[in-house]
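The structure appears right after this line, and notes come after that.
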Amino acid sequence: MKLPALTLLLLTTALIAQDQTTVYKGARVWPGGGAPIDNAVLVIAHGKVLQLGGPDTQVPDDAVIIDVSGKSITPGLIDAAWNGLAPSDQNEQGSESTPALHALDSVDARSNGFLKARRMGVTAVHVMPGTMNVIGGLSAVVKTFALDPTAMVVRDEAALRIALGAEPSSGNRAIRGGSVDSIYYRRPTTRMGVIWEVRRGFYDAQDYLTQTIEGGKPQPNRDLDVLGRVLQGKLAIITTARSEQDLRTALRLGREFGYTPVIDEAQEAHFVIDELAAAKVWVMCSAPSADRLAGSAGQDGAEPRFSTLPALAEKGIPFVITTGTNPLALDLVREATFAVRFGIPAEKALDAITSDAATLLGVADRIGKLATGKDADLVIWSAEPFDPASQPLFVIIDGNQAPTSR
Amino acid sequence: MAIHKLFFVRILLLSPCTALAAQDLLIECKTLAIAPDVVVSPGAFLVRDGKVAFLGQEIPAEARAKARTLAWPTATIVPGFVLAHSTLGQEQDLAERAVAMTPELQAADAFDPYRTDLGQLPRYGVTGCGLAPSSRNVAAGIGALVKPGKDKGRIASNATFLKLSLTAAARDPERPPTSLMGAIDLLREGFLTAKRGVQGGPDIAVLGQALRGERRVFFAADTFSEIQGALALAQQFGFEPVLVGASEAQDCIEQIAATRAAVVLQPLTMEMRGDRLLLPQRLEQRGIPFCFLGNPHQLRTSAAIAVHFGTSRKQALAALTRTPAQLLGQQDLIGSLRRGCDADFTVFDGDPLDLSSALRAVYVDGQQLIGDEPARITTSATGKEAR
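Residue numbers (the working numbering), protein chains in the order written: chain A, 1 to 406; chain B, 407 to 793.
This is the structure:
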């Protein structure tokens, strides 16, 4: 029974393309942000989801029907903190504070990272500037495939990233005698210095905004303009903080300058659960599986724990799951599998890598769910998505089958 | 003699003949490529004061009689080759490494007229070269058109293109920008400032010239993402760039065409991957002008390889002559042998795109730099022996 279905699927692969109506019939569909639908009918046309419903859903006459009984379908996965590109392109070391830089400028549409991501069902990623700068710049949400590379961009200027901890100050050197023969003789060299750099930026931005409001015409400054947008609540701000003290600092800076940060990485969130709940922040939890390596997998001195996500869920703190900057991270779906393993309901874990991630990144109007009018980004899995033996059979982006090899 | 009508509309350039002026040269050959699409046979033209003064039947009988005649009855003469972009081995002098933003620097200021690399150009049929500031700076400076000469070279134009670069060489870990996004943003900031029209320094003024189309932009970009970045900036600020290098151009042909960009390709070698060897043909199909950079000896082989892989002979010859001249904005001076152009030409004993054709002679500004005098030659005042 299953074998013919698979054969049919393989035969029709060449037909999976935007310009025809395609119906996926018989699979268990996880729509994202809702309960799975068994024996579902999913209708795709012109790169968009036309309809999703139960077995008795009306099927358009001219549609190509693909029997996917026994398979699972999820929305395309969204990695809200993805690091699949070359770090040297992601970090502008010319200055510690580069708010106006666009991470999008560093995106190589043909990078192997995209290929690797979509092989495991990731159809959109959030690309942020790297963590070597205190104020890194503007992030972007891009799809992992498009027939025309310029169409990959879902949203530019999604958020501003700032990074706390020891990483941004690493590489900087103090001037002690000797000649200054490098741009790295500069502040900051400590955690404190990193915060000084953030504060300086925001104080300058406050000045800039005040001058503008009072009718003055300050010299146009794109950096201060970006920071000003954060202070005015017009631009989301993501603060990368891993260890307990950095997490507290991230929240404190938010209070000081009147913004609500999104907390990225948060490997020690379990130590500051109450503070996170009180601040009503979103948490982008990176690589929840890192605890499997018992103490050695944390970065910046942090200790990741399996219990972090259940603790966040219990307090009702909204979270997404990402692969983040941890080099030991598994594929995004496997990271979510670890969340399920340690007590997060499967539906919730899937939301954390689909619909919730889309909401957090401000792209929920297009991606993250399988519902009428959304982009036809979906993954057909060989089994339940969180079954460790499950593999994506097909990854479909904007209605087109995305190539998973060169 | 079939001569294209176009050169009749050219304005007659006549220099006053004085006793000191050099004797006119009458060049005769079997085949003359006045331009890639204007090939006549047999060909003849008159060189006066280093310029092409008359072509074919236009040559007045009196001038014909007085001229010193050089006849190559079996040869093909084509315009001297133009190397669109080179540092002529002066990389150190052409890379201002202290800062990345130096658009106002002029390569002409670093030009060494006695440079060996320059003197070697005629050996390979090259008679003009775009001397470019190095790709190590994001906004590197202004290029010059230089030409080799008998004893020393000369600057034919000191203000040609603006050179920008997004390549790995322009990203230096010891000075900003260190990353591609930093490099792109540096240019974006510069162009935005220029666009606002505020009083800026000479650097902003040069960027403004590029924005207004007064100065062509040569944009060094190799990888897919560098090309994308260059094209995105060109689209945002509305200029038509010349991509230099563009190793991965085959993946963004449509965008290159949409931006009305031209491409100066890396030289072709037979060891390259097939899609890169087919690139010239694909560019020709999409109407994208292209030519080659690299060592001067690779120019002719690159064009021949392009023909081997499907490019038309006309376009391949254009890539050696007219296209680089146009990209340098010097098409009225070099790259063709129309009336009024510099008398820069090469004499081959066959089709220059056939690699077995030998280079017989090279002339720059009407002066012979390479090769032997032809067998049939006369300096008689009556010119009876010439024909």
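C-beta atoms are modelled at their ideal positions from N, C-alpha and C, and glycine is treated no differently.
Within chain B, partners of residue i - CB distance below 9 Å
i: glycine 94 (chain A); result: Ala506, Arg581, Pro582, Pro583, Thr584, Ser585, Gly588 and Leu592
i: proline 149 (chain A); result: Phe630, Gln634, Asp657, Cys658 and Gln661
i: arginine 110 (chain A); result: Thr629, Phe630, Ser631, Glu654 and Asp657
Chain B residues whose Cβ lies nearer than 7 Å to that of residue i
i: alanine 100 (chain A); result: Asp591
i: valine 107 (chain A); result: Ser631
i: arginine 222 (chain A); result: Glu595
Under the three-state DSSP convention, the category residue i falls into
i: arginine 454 (chain B); result: strand
i: serine 170 (chain A); result: coil
i: isoleucine 397 (chain A); result: strand
i: serine 492 (chain B); result: strand
i: serine 421 (chain B); result: Residue confidence for serine 421 (chain B) is low, a pLDDT of 40 falling below 50, so the modelled location carries little weight and cannot support an answer.
i: phenylalanine 460 (chain B); result: strand
i: tyrosine 203 (chain A); result: helix
i: valine 415 (chain B); result: Low confidence applies here, because valine 415 (chain B) scores a pLDDT of 39, under 50, leaving its location unreliable; read the following figure in that light. Reduced to three states, the DSSP call for valine 415 (chain B) is coil.
i: threonine 323 (chain A); result: coil
i: phenylalanine 754 (chain B); result: strand
i: proline 442 (chain B); result: coil
i: tyrosine 185 (chain A); result: coil
i: tyrosine 208 (chain A); result: helix
i: alanine 196 (chain A); result: A small fix is needed here, since residue 196 (chain A) is tryptophan in this sequence, not alanine. Reduced to three states, the DSSP call for tryptophan 196 (chain A) is helix.
i: histidine 714 (chain B); result: helix
i: proline 388 (chain A); result: coil
i: leucine 511 (chain B); result: coil
i: glycine 130 (chain A); result: coil
i: leucine 6 (chain A); result: Any answer about leucine 6 (chain A) is weak, because its pLDDT of 47 lies below 50 and its placement is not dependable; what the coordinates show is given next. Residue state, collapsed to three classes: helix.
i: leucine 77 (chain A); result: strand
i: methionine 284 (chain A); result: strand
i: histidine 46 (chain A); result: coil
i: glycine 228 (chain A); result: helix
Partner residues on chain B for residue i, Cβ-Cβ distance less than 8 Å
i: glutamine 90 (chain A); result: Ser585 and Met587
i: serine 182 (chain A); result: Glu580
i: alanine 163 (chain A); result: The contacting residues do not exist; alanine 163 (chain A) stays about 15 Å from chain B at best.
i: alanine 103 (chain A); result: Met587
Pick from the options that is closest to residue i, judged by C-alpha positions
i: valine 446 (chain B); options: B:Leu705, B:Arg744 and B:Asp771; result: B:Arg744
i: glycine 136 (chain A); options: A:Ala151, A:Val198, A:Ala329 and A:Val49; result: A:Val198
i: valine 164 (chain A); options: A:Val379, A:Asp300, A:Pro310 and A:Arg366; result: Before going further, note that residue 164 (chain A) is leucine rather than valine in the sequence given. It is A:Asp300.
i: alanine 158 (chain A); options: A:Ala103, A:Asp56 and A:Trp282; result: A:Ala103
i: leucine 251 (chain A); options: A:Leu115, A:Pro55, A:Glu275 and A:Ala236; result: A:Glu275
i: serine 97 (chain A); options: A:Ser170, A:Phe271, A:Arg200 and A:Gly32; result: A:Arg200
i: valine 670 (chain B); options: B:Ala467, B:Ile590 and B:Ala538; result: B:Ala538
i: glutamine 615 (chain B); options: B:Phe567, B:Asp578, B:Arg581 and B:Ile662; result: B:Phe567
i: glutamate 632 (chain B); options: B:Arg581, B:Gly607 and B:Ser653; result: B:Ser653
i: threonine 437 (chain B); options: B:Val713, B:Gln641 and B:Val484; result: B:Val484
i: phenylalanine 394 (chain A); options: A:Asp387, A:Ala383 and A:Pro388; result: A:Ala383
i: glycine 32 (chain A); options: A:Ala117, A:Ala346, A:Lys71 and A:Gly193; result: A:Ala346
i: glycine 749 (chain B); options: B:Ala481, B:Ala467, B:Ala626 and B:Tyr769; result: Per the sequence presented here, residue 749 (chain B) reads as alanine, with glycine not at that position. Per the Cα distances, B:Tyr769.
i: glutamine 704 (chain B); options: B:Ser718, B:Thr675 and B:Gly746; result: B:Thr675
i: alanine 27 (chain A); options: A:Lys280, A:Lys71, A:Asp19 and A:Arg229; result: A:Lys71
i: glutamate 510 (chain B); options: B:Arg688, B:Thr480 and B:Val612; result: B:Val612
beta-carbon residue i near the ligand MG non-hydrogen atom, thresh 7 Å
i: glycine 32 (chain A); result: Ligands in the displayed structure: none, and consequently the ligand MG is not present.
Nearest-angstrom beta carbon gap, residue j and residue i [assumed within contact, 8 Å]
i: phenylalanine 630 (chain B); j: alanine 668 (chain B); result: Incorrect: roughly 18 Å between the Cβ atoms, too far for contact.
i: phenylalanine 487 (chain B); j: glycine 531 (chain B); result: 5 Å
i: phenylalanine 517 (chain B); j: isoleucine 561 (chain B); result: 6 Å
i: alanine 269 (chain A); j: cysteine 285 (chain A); result: 7 Å
i: leucine 432 (chain B); j: arginine 470 (chain B); result: 6 Å
i: valine 29 (chain A); j: leucine 42 (chain A); result: 6 Å
i: threonine 407 (chain A); j: valine 379 (chain A); result: The requested residue 407 (chain A) does not occur in the structure, where chain A is confined to residues 1 to 406.
i: valine 161 (chain A); j: methionine 128 (chain A); result: The sequence as given places arginine at residue 161 (chain A); valine does not occur at that position. The pair is a contact, with the Cβ atoms about 4 Å apart (cut-off 8 Å).
Under 7 Å from the C-beta of residue i: neighbouring residues of chain A
i: glycine 549 (chain B); result: Residues of chain A passing the Cβ test: none, with the nearest at roughly 25 Å.
- Item | Three CB pairs or more closer than 8 Å across the region 71-85 of chain A and the region 349-359 of chain A | Segments in contact, yes.
- Message: Is it the case that the region 236-256 of chain A contacts the region 172-188 of chain A, given that we only count it when at least three CB pairs across the two stretches are under 8 Å?
- Response: No, the region 172-188 of chain A is not in contact with the region 236-256 of chain A.
- Pair every Cβ in the region 649-664 of chain B with every Cβ in the region 632-640 of chain B, then say whether three or more of these pairs are closer than 8 Å. Touching, yes.
- Does the region 566-573 of chain B come close enough to the region 594-603 of chain B to have 3 or more Cβ pairs within less than 8 Å? Too few Cβ pairs lie closer than 8 Å, so no.
- Item | Meets three-Cβ-pair contact criterion under 8 Å: the region 428-446 of chain B and the region 395-404 of chain A | Contact fails between the region 428-446 of chain B and the region 395-404 of chain A, because fewer than three Cβ pairs, one in each stretch, are under 8 Å apart.
- Are the region 598-609 of chain B and the region 547-555 of chain B touching by the rule of at least three beta carbon pairs closer than 8 Å? The region 598-609 of chain B, when compared against the region 547-555 of chain B, does not touch it at the 8 Å Cβ threshold.
- Task: Mind the definition here: the region 257-268 of chain A touches the region 168-181 of chain A only if three or more C-beta pairs lie below 8 Å; say whether that holds.
- Result: The region 257-268 of chain A is not in contact with the region 168-181 of chain A.
- Say whether the region 456-474 of chain B touches the region 720-734 of chain B, bearing in mind that this needs 3 or more beta-carbon pairs closer than 8 Å, one atom from each stretch. Verdict: no, contact absent.
- Message: Tell me whether the region 84-98 of chain A and the region 54-62 of chain A touch, counting them as touching only if at least three CB pairs, one residue from each stretch, are closer than 8 Å.
- Response: No contact exists between the region 84-98 of chain A and the region 54-62 of chain A.
- Examine the Cβ distances between the region 679-694 of chain B and the region 655-669 of chain B and report whether three or more of them are shorter than 8 Å. Contact between the region 679-694 of chain B and the region 655-669 of chain B is present, because at least three Cβ pairs lie under 8 Å.
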